Structure formats: C-alpha cells, structure tokens
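Following: one structure in structure tokens, then a few remarks.
2 protein chains.
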Amino acid sequence: MTAPRFTPLMASLPSTVPFVGAEAIERRRGRPFRARIGANESVFGPSPKALEAMAKAGRGAWVYGDPELHDLKSAIAAHHGVRPDNVVVGEGIDDLLGMTVRLFVDPGTPVVTSAGGYPTFDYHVAGFGGRFVRVPYVEDREDLPGLLDATLRESAPLAYFANPDNPMASWWWAKDVEREIARVPEGSLLILDEAYGEFAPAGVLPKVDPDDPRILRFRTFSKAHGLAGLRVAYGIGAPEITNAFDKIRNHFGVGVVAQAGALAALADQDHLVDVVAKVNRSKARLAEIAAENGLVTLPSATNFVAIDCGRDGAFAKAVLEALIERDLFVRKPWTAPMDRCIRVSAGTDADLALFAEALPAALAEAAATV
Amino acid sequence: MTAPRFTPLMASLPSTVPFVGAEAIERRRGRPFRARIGANESVFGPSPKALEAMAKAGRGAWVYGDPELHDLKSAIAAHHGVRPDNVVVGEGIDDLLGMTVRLFVDPGTPVVTSAGGYPTFDYHVAGFGGRFVRVPYVEDREDLPGLLDATLRESAPLAYFANPDNPMASWWWAKDVEREIARVPEGSLLILDEAYGEFAPAGVLPKVDPDDPRILRFRTFSKAHGLAGLRVAYGIGAPEITNAFDKIRNHFGVGVVAQAGALAALADQDHLVDVVAKVNRSKARLAEIAAENGLVTLPSATNFVAIDCGRDGAFAKAVLEALIERDLFVRKPWTAPMDRCIRVSAGTDADLALFAEALPAALAEAAATV
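These protein sequence lines map, in sequence, to chains Y and A. Under the numbering used here, the first residue of the first sequence is numbered 2, with each subsequent residue one higher. Under the numbering used here, the first residue of the second sequence is numbered 2, with each subsequent residue one higher.
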C-alpha cells in the first residue's frame, strides 16, 4: 500500500521525544520514584488560591476559555508594567517556542542557539527545518556575546538565550544582558527565555523595552508558580511580534481552568516569595549534600542545581543511573563538558533526605563501574 | 527600523480569528449573555466524577503530565476496542487538526474540504499554505461523494469530512460513509471529524479499520463530555499516522489536570447517556419553539440545531444580531445557502425559555430592518 504522503520535511524528522517523562521510567522499572526532583517542577506546589480558582473554574469547564485571554493578559500586563498588546499567552513555553519558530523559520533558515541548551527549542527548530547555528557554552554559561556574534554573522532572524540558564542554572547579570541585547540587529528576534526568572537574585533580570521588536521574553506558570501540569506561559514583546501569534495560535488552547489558575497564581505574590525562600533553602542543603560527598554544586539562579560529579560524562551518567536505580528521579545535561554534572531540582526535606542517603552509594557504584 | 523577518507565508497570513469568543462580544456590549447557547458547549456540564478527579489532580498540578499519556491512551483504546498505538491525544481537535495539516501540507498542497465547513480546519490549511479544494454542501449536508471525487481528482494527500456535521447538524449514515471512505486512494488521508459523534443516533457512526492508514477519526472531550475548557481530544488511526504526531506535538501539552479529567469523564458513560438524553429533549423543545414561530429546524445528529429562518443570509444575520442584542449568545453559518440558518446549541430549560421569549421579537425586528 502506498505510504501516507507526509511532507518531505515531516517524513525526514525522527520520532524523538525531547524529554522522557518520569512516568515512562516508572513504567519501565515497574515502580514509582520516591522523590521527583528531576524536571525542575516546584515540589512546593501552587498557591492555594490558584487551587481554589481552578476548582471553581472546573465546575464551569463546559465553557471554552476566552480566546482573547482578556483578563489574564490584562493581569500579566499590569504585573509587568506593559500593555496587554505586549503580551501573548500560550500553552507553556514549549508551545510559545514552537509558534515563534514557525513564525520565523523556513527550511534552511539559520537559527542561533547554544549547543547543549534547551532541547525543546532545538526540537521545534528541527521541526521547521531550520539550520542550527550552535554556540558552545563557556565556563558553564551560555556564551551570550558569542550568541550575538553568531546572530550578526549569520544574519539569523531568530536566536535563543535562556537567562537564568537550563540545564546549568548559570546566569548573566542584567547589565551584561542589556549591553549584549543592544547588539541584536534590526530584523532579528532574540528569544529571552526567563522560565526561571522568578528564582533569579536581584540584578539578573534585565530591563527591556517591551516595544522593542528585537526581543521576546518568556515567562511561565510551570516553575515558580508550581503549575507545570496546567500549561500556561506568556511572552512579552512588541505588538508586531505578539500579534503575529494570532495568525497561528490555537485560539481556544488555554482553557478556562488554566486561565483561572494562572490568574489566581499571578495575584498571589506572597506564595511566590515563600516558594523562592524554600527553593533557596533547598539549594543550600543540596550544596551541603554535594560537599559531604566531596562534590561541588555550581552557583544557581534557578530552582535546581547542577552538581559537578568531578569526572566525565560517562561517570555522571552512571551516577544518574544509580540514583534512578534508587528510585530518585533526577536528570543531567548531555553535552560536554556540562555532561559531567547531574541536575537536581529543589525538593522537600524528605526528597533531600532520600537524595543524601542515596548519593554516596550512587557515587560508589558509578566509581566501581565506569 | 527593519521589520521582523517573518517567513513569507507567515507575513502573508491575516490575523483573523476563526471564532470570536462570547467573552469578546460581552466586553464589546458591556454586559453578560443571559444564555450561552452559541458554541455547542454542553450546558449540562461534565461528569461529577471528572470534576472530582480534576480537583484531586489540581493539588498535584506542580507536576507535568505524563508526556506519553499512557493511562489516558490505554483507556481510550479499551473504550474503542483498539490498541493504544492507534491513539493520539491532543489539546482539543483544533490542535490535532493543526498538527495533521502540518504533517501533510506544504505550500500549494491540495487539501479537500467543504465550502462552509469547520472554519478552524481552513485556518490551519491557510496557516500552512495549502491550496483549498472546496466542495459545496448539497442539501445542507457535506457532499461526501463529492469530497471523495475531489480527493481522487486532485490526488490530495489530505481531506476533511465531519460526521455529524457542524454547522448544519446533518449526517451521513454509516453504510454510506463506509462505502465512500473505501474510495479514499492509497497515499491520501481522510480526517473523519466525529466531534459530535456521541450525540449521533444509532447507525450514523461507521465501522472503520483502525489500522487503515487512509482514515483518521477525531473525538473530543469538549462536546458530550462537557469539558470544552479542559482541552483534550483524540484521534484514532493507523500507527504510521498516530506515531507521526510524536515528531511535532507539544509533548507536555496535555497536563495532569486535563489527563485526569478526561480519564474520569471517559469512565462515566452513564453521565454521557444522561447528557445525550437531555440534549435530545432540548433539541425537541428548540424544534417546538421554531415551529411556534413558523420556522423549521433541520434534523440534527449533534448537540445543536440549525434553524432555517426562511429567507436569505442577510435576514438570518439580522435575526442573529437581534438575539445577541437580547443577550443570547448564538451563532450562524456564513456560507450560502446554509447562511439562511441560525445555529442554536442545546440549552437548559432556562436557556430555552429565554430563547422562546426572544425569538419572536428578534424575527420581527429582523423583518423590519432587512
């Protein structure tokens, strides 16, 4: 029988998944994880007010959500001191990244990003046939000046930079970001992914003119707001950029429950402050645990830490596998030299006690096998 | 300043929205609707068991949903007597339509659909630059043989057919569908959109070999299951089709709350039976109301009815506007000759009482102005 006639690009794509879910690992292993500290989710959960709003909205879930997202966009705009037409809302940053790539990338279009950066951005660039211009990390940070140099050299219409960074938790200070993004050429767009922005210490998040058509900032409710399972994120940019999403977005994609939850979460900044404090305590404890094992934790401006396992990628992979074998869900970077690290999300005291218990044995096991 | 360099296709697209939301009309008018019977939502709401599951899942909404959707896909497969690899889950049929178009449509690719059919399919086809091959309705039904003829004639890799149909609520019997879809050529895919399938009387839904790579059926939790605001739908097709979505889908797009709600809704078939009974009573009452006003309601296999206003599109538009003016949210088809109708969703007794009260005045007002 004649095969379905996929487009040539689609036929050429692999069926790879950017991330294997914790659930898939649990099913494969036939047992649940005891600690889920691998996906940079917020174990400290969402605001109780968001839960209340979601439960209330659930009873009205027979209704489609407002496709213009009027109330949520207005609240986001007020929160950031911008206008609602500076805001685009999507079903997570992954969704916004996919749409942004679609807006700017045809087969062969150069797209600048970091080698070893956020895999889902790469997934979307590949999905639209973009030509990767990959800039290596320098000293465990995305090479911001290098990203700008590449954007200029290649005249790339689209570039990606995460600050703070995932998977290394590193960052650039606001003044450096501001200096570098001033170099984005007209006619290019730099995605400034601030998924972890709420965790960043003062002085990290840059001031950006919201009407500058060269910069599109992303924020999410999946991390600090503890609503990864709800699927809401937003971009802030010039109306000529944000309005373009209306040409292609799934207009009813952010439903009533998601809109209500996000709105209530945004209003509860006290919860956010509390979460960030808990995350900071958790990161300090992770640093202690690492030190107790003779390891170094890299500085972190996010809700996770990269722990340098002190050897190469093969060793860190063995450590990761030994931790998973002990029912702890963690992840790791896969690109050298960052792949010498494992990546551990902030956890509850119970999560970290399990990690503290498992790490020495995991290190020993890895040392014995690699 | 140099404009952002959108792709030529993106730059060429209009910023049109397939549907204006009820909320946008409410904001424009500065007052809420008294009855929301325009978007074919289920006023009878979701299963209480789905609400319970969603509230429980909400507390765990800090977790991303299983990107493989294992439990939900398994339940859907069991419900339909197919294998999990016959199932693809998406964020509503709109999302699945967009991805399907992306899989098969490059600029210029012929795509067969009905003139006046589901606008969001057209939105996605335009969004990927497809060439429309539009087949007119015949006697208020999609012209199924004509759609097949066009698919064969144009050697189109993709065609769309909704059964039962939106916006006319008409249908083809299973035996006719089965006969016609046997004509889909190898190497073509027919989308069989059964968004309203749960409302169809016995004998409408065809038997389809789930492993036939020429047919992809869609079902949704937005209609009979009363969960439009949750954003979950699914497709049933051959693995070579369903697996292709893994190349492009937003893997974490259906979150934990949505997965939990859909799973519980699917399990509560008693609720579905109850909703369908209520919808049928509501449609009978709508037919009475129409008859009391000298109008005819078209036969319906969905949760809405098309009411023939007896004159042309301009008159029906005036009726629609007069109903909106009376705070009733209804919609209408926009393509002649179906545009002589308004489209009214099944409502509660209170909704229909308001409609019965408003319709005579709306008809009189329309008659006086058109």
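By construction, the Cβ of each residue, glycine as well, lies at the ideal position given by its N, Cα and C atoms. In this text the structure is predicted, and so the values were computed from the model without any measurement.
Residue i versus residue j - alpha carbon distance
i         : j         : result
Arg327(Y) : Ala359(Y) : 7 Å
Ala116(Y) : Thr298(Y) : 22 Å
Asp67(Y)  : Lys284(Y) : 39 Å
Val106(A) : Ala363(A) : 43 Å
Phe316(Y) : Val139(Y) : 21 Å
Asn304(Y) : Ala225(Y) : 8 Å
Arg103(A) : Thr243(Y) : 22 Å
Leu159(Y) : Ala196(Y) : 18 Å
Leu329(Y) : Gly348(A) : 50 Å
Ala367(Y) : Val320(Y) : 5 Å
Thr114(A) : Ala175(Y) : 51 Å
Thr8(A)   : Ala183(Y) : 24 Å
Pro146(A) : Phe133(A) : 17 Å
Phe253(Y) : Ser189(Y) : 29 Å
His272(Y) : Gly118(Y) : 29 Å
Val258(Y) : Met55(A)  : 10 Å
Pro49(A)  : Gly22(A)  : 26 Å
Phe356(Y) : Pro33(A)  : 53 Å
Pro338(A) : Glu322(A) : 19 Å
Asn296(Y) : Val306(Y) : Inspection of the sequence shows that residue 296(Y) is occupied by Leu rather than by Asn. Cα to Cα, the separation comes out at about 12 Å.
His81(Y)  : Ala365(A) : 49 Å
Leu52(Y)  : Gly59(A)  : 6 Å
Buried/exposed call for residue i, threshold 16 Cβ in 10 Å
i         : result
Ser346(A) : buried
Gln260(A) : buried
Glu293(A) : exposed
Ser156(A) : exposed
Thr221(A) : buried
Asp313(A) : exposed
Gly109(A) : exposed
Lys208(Y) : exposed
Ala302(A) : buried
Trp335(A) : exposed
Glu199(Y) : buried
Glu187(A) : exposed
Pro211(Y) : buried
Asp275(Y) : exposed
Gly99(A)  : buried
Thr152(A) : buried
Ser43(Y)  : buried
Glu181(Y) : buried
Ser16(Y)  : exposed
Bridge partner(s) assigned by DSSP for residue i
i         : result
Cys342(A) : Asp309(A)
Asp194(A) : Ala163(A), Phe219(A)
Arg84(Y)  : In the DSSP output, where bridge partners are listed per residue, Arg84(Y) has none listed.
Tyr235(Y) : Val90(Y), Arg220(Y)
Val113(Y) : Val134(Y), Ala160(Y)
Phe330(Y) : Arg37(Y)
Arg142(Y) : Val139(Y)
Val297(Y) : Asp309(Y)
Residue i - containing beta strand (DSSP E), residue span
i        : result
Leu52(Y) : No beta strand (DSSP E) holds Leu52(Y); the alpha helix (DSSP H) holding it covers 49-60.
Limits of the alpha helix (DSSP H) - the one that residue i falls within
i         : result
Tyr124(Y) : 120-128
His252(Y) : Element bounds for His252(Y): n/a, residue is neither H nor E.
Ser283(A) : 270-293
Thr243(Y) : 240-243
Met11(Y)  : 9-13
Asp350(Y) : 350-370
Lys176(A) : 175-182
Glu24(Y)  : 23-30
Expected contact under 8 Å - CB spacing of residue i and residue j to nearest Å
i         : j         : result
Ala268(A) : Leu228(A) : So it is not a contact: roughly 13 Å between Cβ atoms.
Gly128(A) : Ile249(Y) : 5 Å
Gly256(Y) : Gly230(A) : 4 Å
Pro19(Y)  : Tyr124(Y) : 5 Å
Asn41(A)  : Asn164(A) : At roughly 15 Å, the Cβ-Cβ gap does not stay under 8 Å, so Asn41(A) and Asn164(A) are not in contact.
Gly300(A) : Pro5(Y)   : The sequence shown places Pro at residue 300(A), not Gly. Going by Cβ atoms, the distance from Pro300(A) to Pro5(Y) rounds to 35 Å, so no, they are not a contact pair.
Tyr235(A) : Val88(A)  : 6 Å
Arg135(Y) : Met169(Y) : That pair is no contact at about 16 Å.
Ile290(Y) : Asp194(Y) : Between Asp194(Y) and Ile290(Y) the Cβ distance is about 28 Å, and since that is not below 8 Å, they are no contact.
Proximal chain B residues relative to residue i, where beta-carbon distance stays under 8 Å
i         : result
Asn251(A) : Judged by its chain identifiers, the structure shown contains no chain B, and its protein chains are Y and A.
Residue i Cβ short of 7 Å to the ligand FMN heavy atom set
i         : result
Asp309(Y) : This structure simply doesn't include the ligand FMN, nor any ligand for that matter.
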